[in-house]
């Protein structure tokens, strides 16, 4: 986004709380993290009327530049050396314009020009033609040698670069009280009586897309009376090297209409990294828009939901895993089907690759940058978790992109530095939000979870309310 100054974070958090009208349970969290020895601080309500962030963690102007990238990502070279072929995303230089059909034709012409220059038998098509200048191919070393020297190729990156849910520890044994409470109001802004809810702004007519591990769409917290809040579902969980969670055993087409049940959770009995990671998407959705707004609820309880499953099970690592190709397909699907969801305002990505990016990563993560920009160009904002690696110099991808809203987590504790100790922070971060929250999980359950994954849907729900309350406002103004 246009401003990346962390000194505005206090204002952003106050705005978030004003919108929520007292949105969450901020639960004290036992220290169960394995990546650091210091436990997350116990949450206590601040006594002052403002929220401050330790200024020593703020980056100095000017902002760091986008980090330049090698034309070929190192993991592409490594994969071809190991297996002979690999799936890649080739981002090329082209000016694309016109209708979506015209854009596809222009992109296909660009793909044809590229593949005609490759040796016979060195490549195959792995994906559908998008509306941005990206080719999804399977290539070998012969094709790669041409691509790395061909004019107009901006980036050859792995379609299999991996991402994980941005949650930091198990929720077992924590409070199971569902929803959000007035604890946020003590952080300096408002109460449920004087907040946005009281003014009639609860996200009505707006939609949040959650790209995650799937959602139990008939969870009581995600119902509007007898009707589900979910208005769209899709699945782009890869079967290439994974066990796909998609109905029918294969991802959907990026042009296909929504399918009931496609966005269901992956098997909830899978335990990876000591956690039931398939609970993640249902929890995230509840934070954004759960409840009915009359009591403990998510931020935008009258908003609608699109559940997009982008996680598969990887046997080799025993992890619930997503990858760049699947995430990009999900973003392309939302763009292609946007006419089906005219209220779509926000895409929530509570995930990250766990790597450290000290600068912006538009060049290294070029394909995702392009997909996000397509959505931004039609007024749809992508909100991304900063990651939970305890870092103070940068964030994980895709939060390092310049065209997303990157979210770090607050603890709600007293003192000048309210950043949760696990939460990444860097020059890419736009806003903080509470990171230890109780919400819905599959099988009609509830649980407290912790991470920038939880902070991110708080912001996504807030944007839905902002869009409801500021009809006609541009994304940059918001």
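In the numbering used here, the protein residues as written are 752 to 1229.
Cβ coordinates follow ideal geometry from the N, Cα and C atoms, glycine included.
Exercise. Between the C-alpha atoms of residue 850 and residue 841, what's the straight-line distance to the nearest angstrom?
Worked result: Position 99 of the chain shown holds residue 850. Position 90 of the chain shown holds residue 841. Spanning the two alpha carbons is a distance of roughly 22 Å.
Exercise. Along the chain, which unbroken stretches of the beta strand (DSSP E) at least 3 residues long are found entirely within the region 983 to 1024?
Worked result: For secondary structure counted as the beta strand (DSSP E) over 3 or more consecutive residues, the region 983 to 1024 holds no complete run.
Exercise. If you draw a straight line from the C-alpha of residue 1189 to the C-alpha of residue 1043, how long is it?
Worked result: Translated into positions along the chain shown, residue 1189 becomes position 438. Translated into positions along the chain shown, residue 1043 becomes position 292. Near 16 Å, if we compare the C-alpha coordinates of residue 1043 and residue 1189.
For this session: Run the CB neighbour count on residue 960, radius 10 Å, all protein chains shown included, and call it buried at 16 or more, exposed below.
Result: Residue 960 sits at position 209 when you count from the first residue of the chain shown. It is buried - the Cβ of residue 960 has at least 16 other Cβ atoms within 10 Å.
Problem set entry | Contact between the region 872 to 888 and the region 1003 to 1015 (3+ Cβ pairs under 8 Å) | As far as the Cβ criterion goes, the region 872 to 888 touches the region 1003 to 1015, which means the pair count is three or higher.
Problem set entry | Distance between residue 1067 and residue 888 (C-alpha atoms, nearest Å) | If you number the chain shown from 1, residue 888 lands on position 137. If you number the chain shown from 1, residue 1067 lands on position 316. Roughly 23 Å between the two C-alpha positions.
Exercise. Are the region 970 to 981 and the region 1067 to 1081 in contact at 8 Å, needing three or more beta carbon pairs?
Worked result: The region 970 to 981 vs the region 1067 to 1081: no contact.
Exercise. With respect to the beta strand (DSSP E) encompassing residue 1183, which residues constitute its N-terminal and C-terminal limits?
Worked result: Here residue 1183 refers to the residue found at position 432 when the chain shown is read from its first residue. Start and end: 1182 to 1185.
Exercise. Can you tell me whether DSSP reads residue 904 as helix, strand or coil?
Worked result: For the purposes of this step, residue 904 is taken as the residue at position 153 of the chain shown. DSSP places residue 904 in strand when its eight states are reduced to three.
Problem set entry | For residue 893, the first and last residue of its enclosing alpha helix (DSSP H) | Taking the chain shown and counting its residues from 1, one reaches residue 893 at position 142. Residue 893 -> alpha helix (DSSP H) spans 892 to 898.
Exercise. Does the count of Cβ pairs from the region 1030 to 1045 and the region 831 to 840 closer than 8 Å reach three?
Worked result: Too few Cβ pairs lie closer than 8 Å, so no.
For this session: Have a look at 1159, 1213 and 1212 and flag the residue whose alpha-carbon is nearest the alpha-carbon of residue 1187.
Result: As a first step, residue 1187 must be located in the chain shown, where it is residue number 436. 1159 is the residue among 1159, 1213 and 1212 whose C-alpha sits nearest the C-alpha of residue 1187.
Exercise. Do the region 890 to 908 and the region 1048 to 1059 meet, that is, are 3 or more Cβ pairs less than 8 Å apart?
Worked result: Taking a cut-off of 8 Å on C-beta distances, the region 890 to 908 does not touch the region 1048 to 1059, as fewer than three cross pairs fall below it.
For this session: Count the other C-beta atoms from every protein chain shown that fall within 10 angstroms of the C-beta of residue 859, then say buried if there are 16 or more, exposed otherwise.
Result: Along the chain shown, read from residue 1 onward, the residue named residue 859 stands at position 108. Classification of residue 859: exposed, given that the 10 Å Cβ count is below 16.
Exercise. I think residue 1094 touches residue 958, with their Cβ atoms under 8 Å apart; what is that distance to the nearest whole Å?
Worked result: Translated into positions along the chain shown, residue 1094 becomes position 343. Translated into positions along the chain shown, residue 958 becomes position 207. That pair is a contact at about 4 Å.
Exercise. Which same chain residues, not among the five before or five after residue 1086, have their C-beta less than 6 Å away from its C-beta?
Worked result: Within the chain shown, numbered from 1, the residue matching residue 1086 stands at position 335. Apart from sequence neighbours up to five positions away, the residues of its chain that approach residue 1086 with a beta-carbon distance below 6 Å are 1125 and 1126, ordered along the chain.
For this session: Identify the continuous beta strand (DSSP E) that holds residue 841 and give its terminal residues.
Result: One-based indexing of the chain shown puts residue 841 at position 90. Note, residue 841: beta strand (DSSP E), 836 to 843.
For this session: Put residue 704 into one of helix, strand or coil per three-state DSSP.
Result: Not covered by the structure: residue 704. The range shown for the chain is 752 to 1229.
Problem set entry | Helix, strand or coil at residue 1050 [DSSP, three-state] | The count along the chain shown starts at 1 and reaches residue 1050 at position 299. Assigned with DSSP and collapsed to three states, residue 1050 falls in coil, not helix or strand.
Exercise. Where residue 1098 and residue 1084 are concerned, what is the direct C-alpha to C-alpha distance, given to the nearest angstrom?
Worked result: Working through the chain shown from its first residue, we reach residue 1098 at position 347. Working through the chain shown from its first residue, we reach residue 1084 at position 333. Cα-Cα distance, rounded: 12 Å.
Problem set entry | residue 1212, enclosing alpha helix (DSSP H) - first and last residue | The sequence position of residue 1212 within the chain shown is 461, counting from 1. Counting along the chain, the alpha helix (DSSP H) containing residue 1212 begins and ends at 1203 to 1220.
Exercise. Residues bridged to residue 1116 by DSSP?
Worked result: The residue labelled residue 1116 in the question sits at position 365 within the chain shown. Within the DSSP secondary-structure output, residue 1116 pairs in no beta bridge.
Problem set entry | Cβ distance (whole Å) where residue 997 is taken to contact residue 1062 below 8 Å | On the chain shown, residue 997 is found 246 positions in, with the first residue counted as 1. On the chain shown, residue 1062 is found 311 positions in, with the first residue counted as 1. The beta-carbon separation of residue 997 and residue 1062, rounded to 10 Å, does not stay under the 8 Å limit for a contact.
Exercise. Would residue 1222 be called buried (16 or more neighbouring beta carbons within 10 Å of its own) or exposed?
Worked result: Working through the chain shown from its first residue, we reach residue 1222 at position 471. So residue 1222 ends up on the exposed side.
Exercise. Alpha carbon to alpha carbon, how far is residue 1065 from residue 1030?
Worked result: Your numbering for residue 1065 matches position 314 in the chain shown. Your numbering for residue 1030 matches position 279 in the chain shown. Taking the straight line from one Cα to the other gives about 17 Å.
For this session: Return helix, strand or coil for residue 1121, following the three-state DSSP convention.
Result: Mapped onto the chain shown, residue 1121 falls at position 370. Residue state, collapsed to three classes: helix.
Exercise. What residue range is occupied by the uninterrupted beta strand (DSSP E) comprising residue 913?
Worked result: By 1-based counting over the chain shown, the position of residue 913 is 162. For residue 913, the uninterrupted beta strand (DSSP E) run begins and ends at 913 to 916, by DSSP.
For this session: Less than 8 Å between the CB atoms is what I'm expecting for residue 1109 and residue 1149, so what's the real figure, rounded?
Result: What you label residue 1109 is simply residue 358 of the chain shown in a count that begins at 1. What you label residue 1149 is simply residue 398 of the chain shown in a count that begins at 1. The Cβ separation is near 15 Å, so there is no contact.
Problem set entry | Identity of the residue in 894, 969, 1200 and 1079 nearest residue 1014 by Cα | Start at 1 with the first residue of the chain shown, and residue 1014 comes out as number 263. Comparing Cα-Cα distances from residue 1014 to each of 894, 969, 1200 and 1079, the minimum goes to 969.
Problem set entry | Other residues of its chain near residue 1082: CB distance less than 6 Å, five sequence neighbours each side excluded | Walking along the chain shown from the start, residue 1082 turns up at place 331. 1122.
Exercise. DSSP three-state call for residue 1065: helix, strand or coil?
Worked result: Counting from 1 along the chain shown, the entry for residue 1065 is found at position 314. In the structure shown, residue 1065 sits in a strand (DSSP, three-state: E or B).
Exercise. Measuring CB to CB, does residue 917 end up less than 8 Å from residue 1130?
Worked result: Your numbering for residue 917 matches position 166 in the chain shown. Your numbering for residue 1130 matches position 379 in the chain shown. No, the pair does not count as a contact, with Cβ atoms beyond the cut-off.
For this session: Helix, strand or coil for residue 860, going by three-state DSSP, please let me know.
Result: If you number the chain shown from 1, residue 860 lands on position 109. In the structure shown, residue 860 sits in a helix (DSSP, three-state: H, G or I).
Problem set entry | Proximity of residue 1209 and residue 1184 at Cβ, strictly below 8 Å | For the purposes of this step, residue 1209 is taken as residue 458 along the chain shown, with counting starting at 1. For the purposes of this step, residue 1184 is taken as residue 433 along the chain shown, with counting starting at 1. In this structure, residue 1184 lies closer than 8 Å to residue 1209 by Cβ.
Exercise. From residue 1028 to residue 1140, what distance separates their C-alpha atoms?
Worked result: Mapped onto the chain shown, residue 1028 falls at position 277. Mapped onto the chain shown, residue 1140 falls at position 389. Rounded to whole angstroms, residue 1028 to residue 1140 spans 17 Å at the Cα level.
Exercise. Is it true that the CB of residue 1012 sits closer than 8 Å to the CB of residue 964?
Worked result: Counting from one through the chain shown, the residue named residue 964 turns up at place 213. Counting from one through the chain shown, the residue named residue 1012 turns up at place 261. Judged by beta-carbon spacing, residue 1012 lies beyond the 8 Å limit of residue 964, meaning their Cβ atoms are not closer than that value.
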